[in-house]
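Numbering (the numbering used here), first residue to last: 10 to 118.
For each residue, glycine too, the CB sits at the ideal point set by N, CA and C.
In what follows, a structure is listed as structure tokens, so that the remarks can point back to it.
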Amino acid sequence: MIEIISAKRCIECDICVRVCPANVFDAVRKKPPVIARQEDCQTCFLCEIYCPTDALYVAPHSEGPTGISEAEVEAGGFFGSYSRALGWKRGKPGGSENDPTQHIRTAPR
Numbered sequence: 010m011i012e013i014i015s016a017k018r019c020i021e022c023d024i025c026v027r028v029c030p031a032n033v034f035d036a037v038r039k040k041p042p043v044i045a046r047q048e049d050c051q052t053c054f055l056c057e058i059y060c061p062t063d064a065l066y067v068a069p070h071s072e073g074p075t076g077i078s079e080a081e082v083e084a085g086g087f088f089g090s091y092s093r094a095l096g097w098k099r100g101k102p103g104g105s106e107n108d109p110t111q112h113i114r115t116a117p118r
């Protein structure tokens, strides 16, 4: 289940809003998206996988909110951990053939 959107890491590209099949997020102008319907999260990890800055954390085995804090996620190295487990590396969007965001262009907000 989606747990965290890091305002510190988020670049407000809204890719997570667009890729989520369950419409969990709401876009907010000039701010990070908000988790508006957490209970609808299908734990598919698409938002976490496609986030170019590893600003999202999806709790892998949770069926409800865990209450984990952003500081705990950061300290545990959990931001981007699912993508790393799949073998994808981050850099700048479009920077690597192993980066699933290489084809995504962001629109100005």
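Check your understanding: Would you report the Cα separation of E83 and A36, rounded to the nearest angstrom?
Key -> In this structure, the straight-line span from the alpha carbon of E83 to that of A36 is close to 23 Å.
Check your understanding: Would A68 pass as a contact of I14 if the rule is Cβ separation under 8 Å?
Key -> no
**Study point:** Nearest-angstrom Cα separation, counted from I24 out to E57
**Key:** 10 Å
Exercise for review: Taking the CB atoms as reference points, tell me whether A8 and V33 lie closer together than 8 Å.
Suggested key: This structure gives no information on residue 8, because the portion of the chain shown stretches from 10 to 118.
Practice item. May I have the straight-line CA-CA distance separating F54 from L95, to the nearest angstrom? Key: Going from the Cα of F54 to the Cα of L95 covers about 11 Å.
Point to revise | Residue range of the alpha helix (DSSP H) that includes E12 | key: No alpha helix (DSSP H) holds E12; the beta strand (DSSP E) holding it covers I11 to I14.
Review point. First and last residue of the alpha helix (DSSP H) that includes V28?
Key: I24 to V28
Check your understanding: What's the gap between the Cα of R93 and the Cα of C60?
Key -> 12 Å
Exercise for review: Using the Cα positions of P74 and I11, report the straight-line distance between them to the nearest angstrom.
Suggested key: The alpha-carbon atoms of P74 and I11 are separated by roughly 8 Å.
**Study point:** Start-to-end residues for the alpha helix (DSSP H) that takes in A84
**Key:** E79 to G85
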